[in-house]
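Chemist: After the structure tokens below, expect a handful of questions from me.
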Amino acid sequence: MTNRLADIQQQLMGTFIEEAVEALTQIESGLLALEKCQDDPGRIHELVNDVFRAAHSIKGGAATFGLTQVAEVAHHAETLLDRLRSGSMKPNAQITSLLLTSVDALRALVQWSNAGDGSDAPSTGELCKDLDAAAQQLGGSSEREAAAATKPASEAKKTHYRIKFVPKPDMLTTGNDAVRLLRELTLLGDTKVSVDSARLPELRELELTKCYLGWTIELEGTVTRAQIDEVFSWVDDDAEINIEELVATLTPSMPALPKVERAHDPVARGPEHGADRDGGGSIRVGVGKLDMLMNMVGELVITQSILGEIEGDGPIEAKRLASLRDGLALLARNTRALQESVMSLRSMPIGTVLSRFPRLVHDLSRQLGKQVELKLSGQTTEVDKTVLEKLGDPLTHLVRNSLDHGIEKPEVRRARGKPETGTLSIRAFHRGGDIVVELEDDGGGLDLVKILSRAKERGLVGQEDVLSDDQIRELIFAPGFSTAEVVSDVSGRGVGMDVVRRNIKAIGGHIQMSSVLGQGTRTTLRLPLTLAIIDGQLVGVGSYTYVVPLLSILESVEINRSRVSQFEGKLPLYRLREDLVPIVSLGGVLGVTSGRISLDSGLLVVVETDGERLGLLVDELQAQQQVVVKSLETNYEHVEGLAGATILGDGSIALILDVQGIARLARSARNASVGRAA
Amino acid sequence: MEQPGSTKLDGSNTASANEQLLTFIVDGEEYGVDILRVQEIRSWSNPMPIPNTPRYIKGVINIRGDVVAIADLRERLGLPKLEYGATTVIVVLRVNVGGNERVMGVIVDAMSDVTNVPQAAIKPPPTFRSSAEGGLAKGIVTLESKMITILDVDLIFDVSSTSLVPAA
Chain A
447 MTNRLADIQQ QLMGTFIEEA VEALTQIESG LLALEKCQDD PGRIHELVND
497 VFRAAHSIKG GAATFGLTQV AEVAHHAETL LDRLRSGSMK PNAQITSLLL
547 TSVDALRALV QWSNAGDGSD APSTGELCKD LDAAAQQLGG SSEREAAAAT
597 KPASEAKKTH YRIKFVPKPD MLTTGNDAVR LLRELTLLGD TKVSVDSARL
647 PELRELELTK CYLGWTIELE GTVTRAQIDE VFSWVDDDAE INIEELVATL
697 TPSMPALPKV ERAHDPVARG PEHGADRDGG GSIRVGVGKL DMLMNMVGEL
747 VITQSILGEI EGDGPIEAKR LASLRDGLAL LARNTRALQE SVMSLRSMPI
797 GTVLSRFPRL VHDLSRQLGK QVELKLSGQT TEVDKTVLEK LGDPLTHLVR
847 NSLDHGIEKP EVRRARGKPE TGTLSIRAFH RGGDIVVELE DDGGGLDLVK
897 ILSRAKERGL VGQEDVLSDD QIRELIFAPG FSTAEVVSDV SGRGVGMDVV
947 RRNIKAIGGH IQMSSVLGQG TRTTLRLPLT LAIIDGQLVG VGSYTYVVPL
997 LSILESVEIN RSRVSQFEGK LPLYRLREDL VPIVSLGGVL GVTSGRISLD
1047 SGLLVVVETD GERLGLLVDE LQAQQQVVVK SLETNYEHVE GLAGATILGD
1097 GSIALILDVQ GIARLARSAR NASVGRAA
Chain B
729 MEQPGSTKLD GSNTASANEQ LLTFIVDGEE YGVDILRVQE IRSWSNPMPI
779 PNTPRYIKGV INIRGDVVAI ADLRERLGLP KLEYGATTVI VVLRVNVGGN
829 ERVMGVIVDA MSDVTNVPQA AIKPPPTFRS SAEGGLAKGI VTLESKMITI
879 LDVDLIFDVS STSLVPAA
């Protein structure tokens, strides 16, 4: 019994920690926003309230779980925040930076208690003293002035709601009138109403007594949630109502900061604490999505029973065959819908990763003595969780690079006739089945001359080599390359861009850089929508089927004996137009056929890895299809040459090849055999 | 989906002093594993071989959408090979390798029984044996006429101890 209690405690603790991390991110964004809107009292009030609430919930939770230190720091921060909230103090840079330090301390404490590894707790005594001192010292002086400022602030406090109102078809029969409800809402404040007519059936199917429309109402004004609820109190059961408070009142001057909604932010935990206790982590999912999923599973069960009825003894006559076909079509439709909605569960807005950057840029630019404005857009672009998790570190690297090497110091910028404040924009959007993340700065750009001379200095290229611009640009991705004159705390250790590129490649993406000297640099990352499903070419080797990722295939050709030559009598090469492509027997590498290559028949799948071509010899090409990637690591180990496995239509398993690994395997097998021969 | 952790992997049954074993036959001998570690028993199906793995790992099979590796217990124990036939079964186990909970299968000649064994009757494995046996046993028990070797399921798939398997 005690065991169970401990389990529950453990679970609740996990939830608390996730929520605390979320709340800390919220506080952070709030504080950073606060710095930027010094002259908008209404907005300040709103932000301080948000921050205060988040700090308060951390304090409450921490006290419940006996995390006294967390509770203490949160309490002191709260005291300071309370002074801001009551208006007896105005936020300034000093206070926000102190509060940001508290956020860091709280985050460290939360992580420390999560790790539970018996190490010493980070010390916080000093911080608490500082917080108290700030709350007292600054308190009295500006009280009057601030009090004056708060009054208009609370009056000007407007809230912004988005209300989705979708009546059930038979709402009208219960005597409710949608028009009346809408009219009532307009009395509460400024409204913008848009109608959703998607449910409207064709004219001949239209039933006059049914309501097919839905509305989205944007309501702005001094309205409380209770007032809105009251309007809808009679139609609660007859309609779907979704009231959402939009926190960021749409003030164009303010870059809307991403509001982190998911509990599990893989990034906020910090890389050093990446050792997740529960392996997979968790995602917070809207009830609507779950309901939808439940409905689809219901549909699936119905389809199954339809198909079950068809089953029976005796020959299948035409009528049964027809209903069998119908059933199968239904099944196909349901399965696809189910797949799509499960995929949507796995995806999260990219904002969860981007939300770390305002703080990073804020701190870094200060540290470097630069002025940088960060512009984020497309935070709601949804990306598969697996991709998202691996995106954080490369992006951080790029942002750091841009601030350190790209954007110049204010005096330099002035001399070059640019505004003193540099701009770094990060945009995320979908394009052609990919996610694109673009980082653009208006800094110095890539100095090709400097890059080349540095590369020569480092011995990456020969002194006399002549390189094209593209080749020079490519050099920054070379391992051990860095142009920073001083190895700073920020970057310049020469482990930057090659690691970034490798990480991006590891998630199936591409990185591209373009730059104009003196005007800026643009880095474009193209990422797959998901890692869970890839386009694959099924190939047959012996009696087995393998999947080659379509992305890495250049072409497939039928082998022509006369085009094969044996290099030095050992390495078979295929003459493909102008190129010579080494032939690798896939069956030999994978150990399912004897290593001997018969070159008289078969097909050559020409793949490219690391700029190198390789011809994989297979017995047959089968279908091209999307396959669901299953990790081999879940129940086994990582296997060189394999990216995972998938399950084919007949329930059998096909292994998905990692072309790069296959090339490595082939090379080492060749080395071994050469070694034996010698 | 199996809920990992629904049964604790180290769940030695403290309530009773009995241990329940699932026993099976390999090369005429009876072996047993803690029944709480058994997820299911499946008939033989052809696995998809995985390249560059220890010889006794026969490949992976599909268990309701999970990709599960299976090991031949005969080869793991360094015993002669046997053609897979009608009685060949795969015992699907929940194992703990290097701190990770995994699902893996072992191929055995035939199923035998479910046996209750008083814990007091379990004796440590004899120290006098060759390393070729792999050292997979965690105990041995004698019941009436038969002897059951109790296997430590975590060690079966511990690839790091592969060197114990003699090259055939």
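The listed protein sequences correspond, in order, to chains A and B. Take the first sequence: its letters are residues 447 to 1124, numbered as in this note's numbering. Take the second sequence: its letters are residues 729 to 896, numbered as in this note's numbering. We put the CB at the ideal spot given by N, CA and C, even for glycine. Just so we're clear, the structure is a prediction, and the values are computed from it rather than from any experiment.
Taking only the alpha-carbon atoms, compute the straight-line gap between Ile884 of chain B and Val823 of chain B and give it to the nearest angstrom.
Modeler: Position 156 of the second sequence, counting from 1, holds the residue named residue 884 of chain B. Position 95 of the second sequence, counting from 1, holds the residue named residue 823 of chain B. When rounded, the distance between both Cα atoms is 9 Å.
Chemist: Taking DSSP's pairing of strands, which residues face Tyr992 of chain A in a bridge?
Modeler: Position 546 of the first sequence, counted from the start, is the residue given in the question as residue 992 of chain A. DSSP, once it has assigned bridges, lists A:Val985, A:Leu1101 as partnering Tyr992 of chain A.
Chemist: Looking only at DSSP bridge pairs, what is His956 of chain A linked to?
Modeler: Taking the first residue of the first sequence as 1, we reach residue 956 of chain A at position 510. His956 of chain A is bridged to A:Arg972.
Chemist: When we look at the beta-carbon of Phe498 of chain A and count the other beta-carbons within 10 Å, is it buried (16 or more) or exposed?
Modeler: Against the first sequence, residue 498 of chain A aligns to sequence position 52. Counting Cβ neighbours within 10 Å, Phe498 of chain A comes out buried, since at least 16 surround it.
Chemist: Determine which residues of the stretch 1095-1111 of chain A have a Cβ less than 9 Å from any Cβ of chain D, and write them out in chain order.
Modeler: The displayed structure is made up of protein chains A and B, and chain D is not among them.
Chemist: Could you name the residues that DSSP lists as bridge partners for Met776 of chain B?
Modeler: Locating residue 776 of chain B in the second sequence gives position 48, counting from the first residue. In DSSP, Met776 of chain B forms a bridge with B:Val788.
Chemist: For the alpha helix (DSSP H) containing Val788 of chain A, list its first residue and its last residue.
Modeler: As a first step, residue 788 of chain A must be located in the first sequence, where it is residue number 342. It spans 764-792 - the alpha helix (DSSP H) in which Val788 of chain A sits, taken as one unbroken run.
Chemist: Note down, in chain order, each residue of its chain lying with its Cβ closer than 6 Å to the Cβ of Lys816 of chain A, except the 5 sequence neighbours on either side.
Modeler: On the first sequence, position 370 is the one that residue 816 of chain A refers to. Cβ within range, chain order: Ile853, Lys855.
Chemist: Taking C-beta to C-beta, are Pro1028 of chain A and Val1105 of chain A nearer than 8 Å?
Modeler: Taking the first residue of the first sequence as 1, we reach residue 1028 of chain A at position 582. Taking the first residue of the first sequence as 1, we reach residue 1105 of chain A at position 659. No, the Cβ-Cβ distance between Pro1028 of chain A and Val1105 of chain A is not below 8 Å.
Chemist: Quick one: give me the first and last residue of the alpha helix (DSSP H) that Leu524 of chain A is part of.
Modeler: Mapped onto the first sequence, residue 524 of chain A falls at position 78. At residue 524 of chain A the sequence reads Glu, which differs from the Leu that was named. Run containing Glu524 of chain A: 514-532, per the alpha helix (DSSP H) assignment.
Chemist: Given that Gly1087 of chain A touches chain B, what residues does it touch there, using C-beta distances under 8 Å?
Modeler: Counting from 1 along the first sequence, the entry for residue 1087 of chain A is found at position 641. Chain B residues near Gly1087 of chain A: Pro779, Asn780.
Chemist: Measuring only the C-alpha atoms, how far is Leu1026 of chain A from Lys765 of chain A?
Modeler: Reading the first sequence from its first residue, position 580 is the one you call residue 1026 of chain A. Reading the first sequence from its first residue, position 319 is the one you call residue 765 of chain A. In a straight line, the C-alpha of Leu1026 of chain A is about 59 Å away from that of Lys765 of chain A.
Chemist: In terms of residue numbering, what span does the beta strand (DSSP E) encompassing Gln748 of chain B cover?
Modeler: On the second sequence, position 20 is the one that residue 748 of chain B refers to. Residues 746-754.
Chemist: Run down chain B in chain order and give the residues with a C-beta less than 8 Å from the C-beta of Ala1091 of chain A.
Modeler: Against the first sequence, residue 1091 of chain A aligns to sequence position 645. Correct list: Met776, Val788, Val795.
Chemist: Between which two residues does the alpha helix (DSSP H) containing Asn847 of chain A stretch?
Modeler: By 1-based counting over the first sequence, the position of residue 847 of chain A is 401. First-last of the alpha helix (DSSP H) with Asn847 of chain A: 831-847.
Chemist: Determine the burial state of Thr510 of chain A: buried for a count of at least 16 other Cβ atoms within 10 Å of its Cβ, exposed for fewer.
Modeler: One-based indexing of the first sequence puts residue 510 of chain A at position 64. Exposed: under 16 other Cβ atoms inside 10 Å.
Chemist: Pick out whichever of A:Leu478, A:Asp850, A:Val907, A:Leu822 has its Cα sitting closest to the Cα of Ser871 of chain A.
Modeler: Taking the first residue of the first sequence as 1, we reach residue 871 of chain A at position 425. Residue A:Leu822 is the option with its Cα nearest to Ser871 of chain A.
Chemist: Should Asp496 of chain A be labelled buried (16 or more other beta-carbon atoms within 10 Å of its own) or exposed?
Modeler: As a working mapping, residue 496 of chain A is identified with position 50 in the first sequence. Buried is the call here.
Chemist: According to DSSP, simplified to helix, strand and coil, what is His808 of chain A?
Modeler: Counting from 1 along the first sequence, the entry for residue 808 of chain A is found at position 362. DSSP places His808 of chain A in helix when its eight states are reduced to three.
Chemist: In terms of DSSP beta bridges, what is Pro1028 of chain A paired with?
Modeler: For the purposes of this step, residue 1028 of chain A is taken as the residue at position 582 of the first sequence. According to DSSP, which records beta bridges pairwise, Pro1028 of chain A is partnered with A:Leu1019.
Chemist: Who does Gln1070 of chain A pair with in a DSSP beta bridge?
Modeler: Start at 1 with the first residue of the first sequence, and residue 1070 of chain A comes out as number 624. In the DSSP output, where bridge partners are listed per residue, Gln1070 of chain A has A:Gln983.
Chemist: Quick check on this structure: which residue in A:Val1003, A:Gly1033, A:Asp981 has the alpha carbon closest to the alpha carbon of Ser989 of chain A?
Modeler: Numbered from 1 along the first sequence, position 543 holds the residue referred to as residue 989 of chain A. Out of A:Val1003, A:Gly1033, A:Asp981, A:Gly1033 has the C-alpha closest to the C-alpha of Ser989 of chain A.
Chemist: For chain B, check one thing: does any of its Cβ atoms lie closer than 8 Å to the Cβ of Tyr990 of chain A?
Modeler: As a position in the first sequence, residue 990 of chain A is number 544, starting the count at 1. Yes, contact with chain B.
Chemist: Which residues in the same chain as Thr749 of chain A place their Cβ atom closer than 7 Å to its Cβ, once the five residues preceding and following it in sequence are excluded?
Modeler: For this step, residue 749 of chain A is matched to residue 303 along the first sequence. Around Thr749 of chain A: Gly773, Leu776, Leu777, Asn780.
Chemist: Going by C-alpha distance, which of A:Gly986, A:Leu894, A:Asp880, A:Glu664 is nearest Glu828 of chain A?
Modeler: Mapped onto the first sequence, residue 828 of chain A falls at position 382. Per the Cα distances, A:Asp880.
Chemist: Using a Cβ-Cβ distance cut-off of 8 Å, determine whether Met875 of chain B contacts chain A.
Modeler: For the purposes of this step, residue 875 of chain B is taken as residue 147 along the second sequence, with counting starting at 1. Taking Cβ atoms only, chain A never reaches closer than 8 Å to Met875 of chain B, which makes this a no.
Chemist: Quick check: the Cα distance between Ala602 of chain A and Arg846 of chain A, rounded to an integer number of angstroms?
Modeler: Numbered from 1 along the first sequence, position 156 holds the residue referred to as residue 602 of chain A. Numbered from 1 along the first sequence, position 400 holds the residue referred to as residue 846 of chain A. Low confidence applies here, because Ala602 of chain A scores a pLDDT of 47, under 50, leaving its location unreliable; read the following figure in that light. So the alpha carbons of these two residues sit roughly 39 Å apart.
Chemist: Report the option in A:Leu665, A:Ala901, A:Leu736 whose CA atom is closest to the CA atom of Glu920 of chain A.
Modeler: For the purposes of this step, residue 920 of chain A is identified with residue 474 of the first sequence, where counting begins at 1. Nearest option by C-alpha distance: A:Ala901.
Chemist: Quick one: residues in its chain with C-beta nearer than 8 Å to the C-beta of Leu791 of chain A, no 5 flanking neighbours on either side, listed in chain order?
Modeler: Here residue 791 of chain A refers to the residue found at position 345 of the first sequence. Excluding residues within five positions, the ones whose Cβ falls inside 8 Å are Ile729, Val731, Lys735, Leu739.
Chemist: Could you please tell me which residues of the stretch 807-839 of chain B, in chain order, have their CB closer than 7 Å to any CB of chain A?
Modeler: Flagged, chain order: Arg830, Val831, Met832.
Chemist: How should Ala1112 of chain A be labelled, buried or exposed, when 16 other C-beta atoms within 10 angstroms of its C-beta is the threshold for buried?
Modeler: What you label residue 1112 of chain A is simply residue 666 of the first sequence in a count that begins at 1. By the 10 Å Cβ count, Ala1112 of chain A comes out buried.
Chemist: With distances taken Cα to Cα, identify the nearest neighbour of Glu1024 of chain A among A:Gln983, A:Val895, A:Arg1009, A:Lys1016.
Modeler: For this step, residue 1024 of chain A is matched to residue 578 along the first sequence. Checking every option, the nearest Cα to that of Glu1024 of chain A belongs to A:Arg1009.
Chemist: Taking Ala1091 of chain A as part of the beta strand (DSSP E), name the residues at either end of that continuous run.
Modeler: Locating residue 1091 of chain A in the first sequence gives position 645, where the first residue counts as 1. Unbroken beta strand (DSSP E) run through Ala1091 of chain A: 1088-1093.
Chemist: Please go through the stretch 841-899 of chain A and give each complete beta strand (DSSP E) segment of 3 or more residues, from N-terminal end onward.
Modeler: List check, beta strand (DSSP E) in window: 868-877, 880-887.
Chemist: Tell me where the alpha helix (DSSP H) around Trp558 of chain A begins and ends.
Modeler: The count along the first sequence starts at 1 and reaches residue 558 of chain A at position 112. 539-561 is the span of the alpha helix (DSSP H), which, as asked, contains Trp558 of chain A.
Chemist: Helix, strand or coil, according to DSSP, for Met832 of chain B in the structure here?
Modeler: Position 104 of the second sequence, counted from the first residue, corresponds to residue 832 of chain B. Three-state result, Met832 of chain B: strand.
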